[in-house]
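Trainee:
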Amino acid sequence: MVILLTKPFLGTVGPQDAPYGVGLMERFLVGLEKSGAKPAALCCYTEGVRLAVEGSPLLPALRALEAAGTKVLCSASCLEHYNLKDSLAVGQAVSVDDIVSLVGRAPKVVTV
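Heads up: the sequence shown begins at 10 in this note's numbering, then just goes up one per residue.
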(Lines of atoms letter the chains of each structure in order from A and count residues from 1; the text may use other names and numbers.)
(Lines give C-alpha, C1' and ligand atoms only; values in the text may rest on other atoms or scores of the structure.)
Protein backbone atom coordinates (compact mmCIF):
# COMPACT_ATOMS: atom_id res chain seq x y z
CA MET A 1 0.00 0.00 0.00
CA VAL A 2 1.13 3.52 -0.82
CA ILE A 3 -0.35 6.51 0.98
CA LEU A 4 -0.35 9.94 -0.67
CA LEU A 5 -0.14 12.85 1.77
CA THR A 6 -1.24 16.09 0.14
CA LYS A 7 -1.54 18.43 3.12
CA PRO A 8 -0.06 18.85 6.61
CA PHE A 9 -3.31 17.96 8.39
CA LEU A 10 -6.03 15.33 8.19
CA GLY A 11 -9.46 16.22 6.85
CA THR A 12 -10.84 19.54 5.74
CA VAL A 13 -10.55 22.11 8.50
CA GLY A 14 -10.81 25.86 8.68
CA PRO A 15 -7.89 27.99 9.84
CA GLN A 16 -9.23 28.07 13.40
CA ASP A 17 -9.20 24.24 13.51
CA ALA A 18 -5.80 23.69 11.88
CA PRO A 19 -4.17 22.46 15.13
CA TYR A 20 -6.96 19.89 15.45
CA GLY A 21 -6.31 18.68 11.89
CA VAL A 22 -2.58 18.37 12.61
CA GLY A 23 -3.39 16.35 15.73
CA LEU A 24 -5.61 14.05 13.68
CA MET A 25 -2.80 13.53 11.17
CA GLU A 26 -0.43 12.67 14.02
CA ARG A 27 -2.87 10.08 15.38
CA PHE A 28 -3.28 8.66 11.88
CA LEU A 29 0.47 8.29 11.35
CA VAL A 30 1.04 6.82 14.83
CA GLY A 31 -1.82 4.39 14.17
CA LEU A 32 -0.17 3.32 10.92
CA GLU A 33 3.11 2.71 12.71
CA LYS A 34 1.37 0.56 15.35
CA SER A 35 -0.73 -1.38 12.85
CA GLY A 36 0.28 -4.69 11.39
CA ALA A 37 -0.20 -3.41 7.84
CA LYS A 38 2.38 -0.67 7.49
CA PRO A 39 2.43 1.10 4.12
CA ALA A 40 5.31 0.47 1.74
CA ALA A 41 5.59 4.21 1.20
CA LEU A 42 4.25 7.60 2.18
CA CYS A 43 4.46 10.05 -0.72
CA CYS A 44 4.27 13.72 0.24
CA TYR A 45 3.49 16.30 -2.40
CA THR A 46 1.98 19.78 -2.69
CA GLU A 47 1.56 21.09 0.87
CA GLY A 48 2.05 17.57 2.20
CA VAL A 49 5.82 18.11 1.99
CA ARG A 50 5.46 20.36 5.04
CA LEU A 51 5.02 17.19 7.12
CA ALA A 52 8.62 16.11 6.55
CA VAL A 53 10.56 19.33 7.11
CA GLU A 54 12.33 20.84 10.11
CA GLY A 55 9.85 22.18 12.64
CA SER A 56 7.03 19.81 11.71
CA PRO A 57 5.34 18.40 14.82
CA LEU A 58 4.88 15.15 12.91
CA LEU A 59 8.57 14.32 12.47
CA PRO A 60 8.61 11.74 15.31
CA ALA A 61 5.71 9.82 13.76
CA LEU A 62 7.28 9.91 10.29
CA ARG A 63 10.67 8.86 11.65
CA ALA A 64 9.06 5.92 13.48
CA LEU A 65 7.38 4.78 10.26
CA GLU A 66 10.63 5.15 8.34
CA ALA A 67 12.50 3.16 11.01
CA ALA A 68 9.85 0.44 10.67
CA GLY A 69 10.55 0.16 6.93
CA THR A 70 8.11 2.60 5.34
CA LYS A 71 9.71 4.81 2.68
CA VAL A 72 9.00 8.52 3.13
CA LEU A 73 9.22 10.21 -0.26
CA CYS A 74 8.79 13.93 -0.87
CA SER A 75 8.34 15.67 -4.19
CA ALA A 76 11.55 17.57 -4.89
CA SER A 77 9.70 20.09 -7.07
CA CYS A 78 7.18 20.78 -4.28
CA LEU A 79 9.96 21.22 -1.74
CA GLU A 80 11.58 23.68 -4.13
CA HIS A 81 8.29 25.50 -4.80
CA TYR A 82 7.73 26.09 -1.07
CA ASN A 83 11.42 26.96 -0.50
CA LEU A 84 11.81 23.91 1.77
CA LYS A 85 14.43 21.96 -0.16
CA ASP A 86 17.13 22.54 2.47
CA SER A 87 14.73 21.80 5.35
CA LEU A 88 13.89 18.17 4.57
CA ALA A 89 14.28 16.34 7.91
CA VAL A 90 12.96 12.85 7.16
CA GLY A 91 12.74 10.75 4.02
CA GLN A 92 14.15 11.64 0.65
CA ALA A 93 13.39 14.06 -2.15
CA VAL A 94 12.28 12.34 -5.35
CA SER A 95 10.87 13.36 -8.71
CA VAL A 96 7.18 13.30 -9.53
CA ASP A 97 8.05 10.60 -12.07
CA ASP A 98 9.37 8.45 -9.21
CA ILE A 99 6.09 8.90 -7.32
CA VAL A 100 4.05 8.09 -10.44
CA SER A 101 6.09 4.93 -11.00
CA LEU A 102 5.60 3.81 -7.40
CA VAL A 103 1.86 4.50 -7.53
CA GLY A 104 1.61 2.54 -10.78
CA ARG A 105 3.15 -0.54 -9.18
CA ALA A 106 1.28 -0.36 -5.86
CA PRO A 107 -1.52 -2.86 -5.22
CA LYS A 108 -3.42 -0.19 -3.27
CA VAL A 109 -3.14 3.61 -3.18
CA VAL A 110 -4.81 5.78 -0.54
CA THR A 111 -4.92 9.58 -0.69
CA VAL A 112 -5.15 11.40 2.63
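Built from N, CA and C at the ideal position, the CB exists for glycine as well.
CB-CB under 7 Å to glutamate 42, same chain, minus the five flanking residues each way: which ones, in chain order?
Mentor: Correct list, in chain order: Ala70, Ala73, Leu74 and Ala77.
Trainee: In whole angstroms, what separates the C-alpha of arginine 36 from that of isoleucine 108?
Mentor: About 24 Å.
Trainee: Closest to leucine 67 by C-alpha separation, out of Gly32, Asn92 and Ala49, would be which residue?
Mentor: The shortest C-alpha separation from leucine 67 is found at Gly32.
Trainee: Are alanine 102 and alanine 115 close, meaning C-beta to C-beta below 8 Å?
Mentor: It is not a contact, given that the beta carbons lie outside the stated cut-off.
Trainee: State yes or no: is the C-beta of valine 118 within less than 8 Å of the C-beta of leucine 13?
Mentor: Result yes, Cβ atoms of valine 118 and leucine 13 sit closer than 8 Å.
Trainee: Which residue spans inside the segment 38 to 108 form an unbroken alpha helix (DSSP H) run of at least 4?
Mentor: Counting only runs of 4 or more, we get 68 to 76 and 85 to 90.
Trainee: On the CB-based measure, 16 or more other CB atoms within 10 Å of its CB, does valine 58 come out buried or exposed?
Mentor: So valine 58 counts as buried.
Trainee: Quick one: residues in its chain with C-beta nearer than 7 Å to the C-beta of valine 30, no 5 flanking neighbours on either side, listed in chain order?
Mentor: What sits at residue 30 in the sequence shown is glycine, not valine. Answer for glycine 30: Phe18, Leu19, Gly20 and Val22, listed in chain order.
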